[in-house]
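Visitor: Below is the structure I would like to discuss, written out as structure tokens.
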Amino acid sequence: MNGILDWFKDSAHWHGSSGVPTLLAQHTLLTFAAVLIAIAIGLPVAVWLGHLRRGGTLAVNISNVGRAIPIVALLSVLSLGYVGTANFGPFGRAGLATLITLALFALPPIITNAYTGVFEVDRDTVEAARGMGMSEREILTKVELPLAVPLIVSGIRLAVVQVWATATIAALVAGPGLGQLITEGYATYNQPEVLSGAIIVGAVALLLEGTMAFLQRVVDPLARAARS
Amino acid sequence: MVPAVADNCLTRNEWICGKYYSTRASDLASAVGQHVHIVVVSVLLGFVIAFPLALLARRYRKLELMVVGITTAIYTIPSLALFSLLVPISGLGLSINTVIVGLALYSLTVLVRNMLDGLRAVPADVKESAIGMGYSSTRMLFRVELPLALPAIMAGLRVATVSAVALTTVGAIVGYGGLGTLLINGNNTEFKAQVLATSVLCVLLAVILDVLLVGTQRLLTPWTSKAVAR
Amino acid sequence: MKKTFARIAAVLMAAPLVLTAACGSSDLSSSSKITIVGQDFTEGNIMTALYGDLLKDAGYKTQIKNFTARSVYIKPMEKNQVQISADYLSSMTDELNHEANGADAPEVATPDTAQTLAVLTKLANKVGLTPLTPAPAQDANAYAVTKKFAQANNLTTLSDLGKLGQPIKLAAAPDCATRQSCKLGLKSVYNINITAVQPLGFDSPQGKSALVKGEVQLAQVATTDATLDAQGLVILTDDQKLQNAENLVPIVNSAWLKKNAKAATALNKLSAVLTTADLTAMIDKVDSQRDEVSTVASDYLKSKGLI
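Protein chains in written order, with my numbering: chain A, 1 to 228; chain B, 1001 to 1230; chain C, 2001 to 2307.
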């Protein structure tokens, strides 16, 4: 325990290119970039399938089973294979391989929740909207999407927390982020460093979780209606 | 003395290699056996722990924050760190149980959340009519609430199971990784056939377990014609 | 419907138990078998297989486990849950030194085999372990460059690389930056201008691939790596003897050893004959020809008349 306190007190760990602020910034960038990519790819597909009310179970099942792909292996295969290990902007060494891996990892909760959210919108509501002469596009954007938002945000929340905790694997290919503390500490018998790294990653994850939960409540129209 | 290097798909290091499967069948089989053992026992253990936690969290709102917070916190511990931390702490030592306990802890997040969601989604009028019929709270839980919450609970089980299939591979660092042990070994020696075979088997295993769970869910809840994963 | 629910639930609960029983108990601590451990890469797998075959031949029931990190099995060894490890002289010495004296303790292993063995014996005995006889075979750290780079600059030794005076990026194990045998020694002993260390692992495909692609100019490899030549890489000689002695040595739980002297005799017979060339040839069979570890190990022991 003292070792961890000492580690946190040591100012050397808070400055420079391998200091906590720098690593934290890298880790944050990596996480949000990966989740944004997953949102850009997964959300439109899932929402559209949800609107059509078909093909979604298949998409959900495929993305669910995707969770079983061991990500460490995927990262290593990608970085040794075609994607390579070149520096990729601020994402560092093997940045592209890392981003692809993490984005794939973020897809299942986003796809599953977005599809389910739209799919489960009350059919009577949708039919009523159709009866009012709304176009399919309007039904999707004005009726289904707003009602599906809570579940969609819940999926994104899960994805953010999962990717944040998993982004530590970037260190396995000498990439950026807080994983460096854990990997380096493990290699140099520095248990306090491993634990400090894990504590920082865990604490920020909880912070993210809390923030996103708050956000989720803010965007939930039903909860909002109940409050007012 | 020195044999000429044979030219086959193994020595050419091809991704797909029949000779790999024929020579390593027994290795693969025992790895799959260990993998299934770890996944099934850990998810069951997680389920057994998650159930009372979810019930407690539902009854006491203050506990809910704590339970959800702690299970989420566990989830955020990187798996590499968790397994190596468990070896000395738990007294589990270098046994398969270290991996099982670690994975069970990871599964708690999803399981507790889905149980809570499922129980919460039981319509109030259904509960009220059950109370009106004189159901005790235990009877209501097992006869009314749990069956109705089953789709959400099963959805949680599916996610937990499939995730456990992937995470089991990390158990290789304490010597029990099922297919992960072969996978990491193949990775370290750039053995392409082995990396591909073990990765594909992981996914296949997940598909089979997932299908089994969906089938079970259909049997248990014949009133829901179409199950939607959450 | 209620009945169906209960019945299926019962079957569900029972199924895993059956599965578990079918898989069998594989707990390390609860068996009468002796447990042999090592590290999880080709060489470690071969060494544990060799030890396993020798002890099986001596009448023991054995079980073999390979781990990705040594630190995982030290405590179980001290508690006699694990009886034997296939280990490396200096790495084990450093590990036990770290355990006993903290992560910042000065390094005590040296390039001298006999001297390091003496230090190791002292450290090991304190925690109830005993090193047996080390083999002549060594798997030391080495540093490789591309053949092209070596020819263009006329390099054969690490001293040559130091004299070249170029900025050098290095791919190595994550602990390199703080090790005398790595970055520190390369700078102070060889005067090599190391500008960056990429923590890609010891003798890893990633490290070698970075070297081949020119991302780094120097990579930490194993002296027993049989694939270097085919990848166009060559080891620079450690002419100033920077690297510690990494002879392969069986480490045994002391209490167990007292009752099992015949196991020590069996293992020491292997240590008497195993050379670096033997080991490299076996690794080549596994890594290049993809022969199975168990076959390679037992073939070797038979060829030496040990089993």
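The C-beta atom is built at its ideal place from N, Cα and C for all residues, glycine as well. Only a predicted model underlies this, so the values are computations on that prediction, with no experimental measurement involved.
Can you give me the Cβ contacts of Leu2267(C) inside the same chain, cut-off strictly under 7 Å, excluding the 5 residues immediately before and after it?
Guide: Along the third sequence, read from residue 1 onward, the residue named residue 2267(C) stands at position 267. Hits under 7 Å: Tyr2051, Leu2054, Leu2132, Pro2250.
Visitor: Starting from Asp2087(C), trace the beta strand (DSSP E) in both directions and tell me its first and last residue.
Guide: Counting from 1 along the third sequence, the entry for residue 2087(C) is found at position 87. Segment 2084-2088, the beta strand (DSSP E) holding Asp2087(C).
Visitor: Checking contacts by CB at 7 Å: is Ser228(A) closer than that to chain B?
Guide: By one-based count along the first sequence, residue 228(A) stands at place 228. With a pLDDT of 48 at Ser228(A), under the threshold of 50, the modelled position of this residue cannot be trusted, and the question is left open.
Visitor: Within a Cβ cutoff of 8 Å, which residues of the same chain sit near Val126(A), ignoring the five residues on either side of it in sequence?
Guide: Walking along the first sequence from the start, residue 126(A) turns up at place 126. Exclusion of the five residues before and after Val126(A) leaves Ile139, Val143, Glu144 as the residues of its chain whose Cβ lies within less than 8 Å of its Cβ.
Visitor: Which residues in the same chain have their Cβ closer than 7 Å to the Cβ of Ser2090(C), if we skip the five residues on either side of it in sequence?
Guide: On the third sequence, residue 2090(C) is found 90 positions in, with the first residue counted as 1. If we look at Ser2090(C) and ignore the five residues flanking it on each side, its Cβ neighbours are Ala2109, Thr2116, Asn2244, Ala2245, Glu2246.
Visitor: Three-state secondary structure (DSSP) at Val2127(C)?
Guide: Within the third sequence, the letter at position 127 stands for residue 2127(C). The answer is coil: DSSP assigns Val2127(C) none of H, G, I, E or B.
Visitor: Find the residues of chain C that neighbour Phe1191(B), judging by a C-beta separation of less than 9 Å, and give them in chain order.
Guide: Start at 1 with the first residue of the second sequence, and residue 1191(B) comes out as number 191. Under a criterion of Cβ atoms nearer than 9 Å, the residues of chain C adjacent to Phe1191(B) are, in order, Asp2287, Arg2290.
Visitor: Helix, strand or coil for Val2145(C)? Go by DSSP, reduced to three states.
Guide: Within the third sequence, the letter at position 145 stands for residue 2145(C). In the structure shown, Val2145(C) sits in a strand (DSSP, three-state: E or B).
Visitor: Keeping to the same chain, check which residues put their C-beta closer than 6 Å to that of Gly2165(C); ignore five residues upstream and five downstream.
Guide: Numbered from 1 along the third sequence, position 165 holds the residue referred to as residue 2165(C). For Gly2165(C), where only same-chain residues beyond five positions count, there are no Cβ hits under 6 Å.
Visitor: Locate the alpha helix (DSSP H) running through Thr1098(B), then write down its first and last residues.
Guide: To locate residue 1098(B), count along the second sequence from 1; it is residue 98. Segment 1096-1120, the alpha helix (DSSP H) holding Thr1098(B).
Visitor: From Pro192(A) to Gly3(A), what does the alpha carbon distance come to, in whole angstroms?
Guide: Along the first sequence, read from residue 1 onward, the residue named residue 192(A) stands at position 192. Along the first sequence, read from residue 1 onward, the residue named residue 3(A) stands at position 3. Roughly 5 Å separates the two Cα atoms.
Visitor: On the CB-based measure, 16 or more other CB atoms within 10 Å of its CB, does Lys1192(B) come out buried or exposed?
Guide: Position 192 of the second sequence, counted from the start, is the residue given in the question as residue 1192(B). With 16 or more Cβ atoms within 10 Å of its Cβ, Lys1192(B) is classed as buried.
Visitor: In the DSSP assignment, find the alpha helix (DSSP H) that holds Phe214(A) and state where it starts and stops.
Guide: The residue labelled residue 214(A) in the question sits at position 214 within the first sequence. Element bounds for Phe214(A): 191-219.
Visitor: Whose Cβ in chain A lies nearer than 8 Å to the Cβ of Val1162(B)?
Guide: Reading the second sequence from its first residue, position 162 is the one you call residue 1162(B). Asn64, Val65, Arg67, Ala68, listed in chain order.
Visitor: For Val2286(C), I'd like the list of residues in its chain whose CB is within less than 8 Å of its CB, leaving aside the five on either flank, ordered along the chain.
Guide: In the third sequence, counting from the first residue as 1, residue 2286(C) sits at position 286. Hits under 8 Å: Thr2042, Asn2045, Ile2046, Glu2292, Val2293, Val2296.
Visitor: In whole angstroms, what separates the C-alpha of Met2077(C) from that of Leu1167(B)?
Guide: What you label residue 2077(C) is simply residue 77 of the third sequence in a count that begins at 1. What you label residue 1167(B) is simply residue 167 of the second sequence in a count that begins at 1. Cα to Cα, the separation comes out at about 27 Å.
Visitor: Since Ala97(A) is in the alpha helix (DSSP H), which residue starts that stretch and which ends it?
Guide: The sequence position of residue 97(A) within the first sequence is 97, counting from 1. It spans 95-119 - the alpha helix (DSSP H) in which Ala97(A) sits, taken as one unbroken run.
Visitor: Taking 7 Å as the threshold (beta carbon to beta carbon), is Thr1076(B) in contact with chain A?
Guide: Reading the second sequence from its first residue, position 76 is the one you call residue 1076(B). At least one chain A Cβ lies under 7 Å of Thr1076(B).
Visitor: Shorter than 7 Å from the beta carbon of Val194(A) to some beta carbon of chain B?
Guide: As a first step, residue 194(A) is located in the first sequence; it is residue number 194 there, counting from the start. Closer than 7 Å to some Cβ of chain B, the Cβ of Val194(A) qualifies, so yes.
Visitor: When you compare the CB of Gly3(A) with every CB in chain B, is at least one pair closer than 7 Å?
Guide: As a working mapping, residue 3(A) is identified with position 3 in the first sequence. No - not a single Cβ of chain B is within 7 Å of the one on Gly3(A).
Visitor: Ordered along the chain, which non-local residues of its own chain (more than five positions away) have a Cβ less than 7 Å from that of Ala34(A)?
Guide: Stepping through the first sequence from its first residue, residue 34(A) is reached at position 34. The answer, listed in chain order, is Leu99, Leu102, Ala103, Ala106, Val163.
Visitor: Going along chain A in order, which residues have a C-beta closer than 7 Å to the C-beta of Asp2175(C)?
Guide: Residue mapping note: residue 2175(C) aligns to position 175 of the third sequence, counting from 1. Per Cβ cutoff of 7 Å: Ala187, Thr188.
Visitor: Looking at chain A, is there any beta carbon in it that lies within less than 7 Å of the beta carbon of Val1211(B)?
Guide: Translated into the one-based positions of the second sequence, residue 1211(B) becomes position 211. Not closer than 7 Å to any Cβ of chain A, the Cβ of Val1211(B) fails to qualify, so no.
Visitor: Who are the Cβ neighbours of Lys2140(C) in its own chain at under 6 Å, not counting the five residues just before and after it?
Guide: As a position in the third sequence, residue 2140(C) is number 140, starting the count at 1. A quick correction: the sequence has Ala, not Lys, at residue 2140(C). Answer for Ala2140(C): Thr2223, Gln2243, Glu2246, listed in chain order.
Visitor: Closest Cβ-Cβ distance between Leu1094(B) and chain C: below 7 Å?
Guide: Position 94 of the second sequence holds residue 1094(B). True, the Cβ-Cβ gap to chain C drops below 7 Å.
Visitor: Cβ of Leu2200(C) less than 7 Å from any chain A Cβ?
Guide: To locate residue 2200(C), count along the third sequence from 1; it is residue 200. At least one chain A Cβ lies under 7 Å of Leu2200(C).
Visitor: When the Cα atoms are used, what is the spatial distance from Val2011(C) to Gln2063(C)?
Guide: The sequence position of residue 2011(C) within the third sequence is 11, counting from 1. The sequence position of residue 2063(C) within the third sequence is 63, counting from 1. Any reading at Val2011(C) must be qualified, since the residue scores a pLDDT of 42, below 50, and its modelled position is unreliable; no value is offered.
Visitor: Quick check: the Cα distance between Cys2023(C) and Val1048(B), rounded to an integer number of angstroms?
Guide: For this step, residue 2023(C) is matched to residue 23 along the third sequence. For this step, residue 1048(B) is matched to residue 48 along the second sequence. Only weak support is given to the placement of Cys2023(C): the predicted model assigns it a pLDDT of 39, under 50, and the value that follows is read from those uncertain coordinates. Going from the Cα of Cys2023(C) to the Cα of Val1048(B) covers about 21 Å.
Visitor: Could you round the C-beta distance between Thr31(A) and Ala2210(C) to whole angstroms and report it? I think they count as a contact, below 8 Å.
Guide: Taking the first residue of the first sequence as 1, we reach residue 31(A) at position 31. Taking the first residue of the third sequence as 1, we reach residue 2210(C) at position 210. About 25 Å separates the beta carbon of Thr31(A) from that of Ala2210(C), a gap too long to meet the 8 Å contact definition.
Visitor: I want to see whether chain C comes within less than 7 Å of Ala174(A), judged by CB atoms only; does it?
Guide: Locating residue 174(A) in the first sequence gives position 174, where the first residue counts as 1. Interface residue (Cβ-Cβ distance to chain C less than 7 Å): Ala174(A) is classified as such.
Visitor: Quick check on DSSP: helix, strand or coil for Gln2166(C)?
Guide: By one-based count along the third sequence, residue 2166(C) stands at place 166. Gln2166(C) falls in the coil class under three-state DSSP.
Visitor: Given a threshold of 16 other Cβ atoms within 10 Å of its Cβ, counted over all protein chains shown, does Asp2284(C) qualify as buried or as exposed?
Guide: Along the third sequence, one-based indexing puts residue 2284(C) at 284. Using a 10 angstroms sphere on the CB of Asp2284(C), the tally of other CB atoms reaches 16 or more, which defines it as buried.
Visitor: Closer than 7 Å, CB to CB, is Thr125(A) near chain F or not?
Guide: No chain F is part of this structure, whose protein chains are labelled A, B and C.
Visitor: Is there a Cβ of chain A sitting closer than 7 Å to that of Thr2042(C), yes or no?
Guide: Against the third sequence, residue 2042(C) aligns to sequence position 42. Thr2042(C) does not count as touching chain A.
Visitor: Work out the CA separation of Leu1045(B) and Val1110(B) for me, nearest whole Å.
Guide: Sequence index remark: in the second sequence, residue 1110(B) carries index 110 (1-based). Sequence index remark: in the second sequence, residue 1045(B) carries index 45 (1-based). Whole-angstrom Cα-Cα distance: 14 Å.
Visitor: Does the CB of Gly19(A) have a neighbour CB from chain B at under 7 Å?
Guide: Here residue 19(A) is taken as the residue at index 19 of the first sequence, counted from 1. Chain B contact via Cβ: absent.
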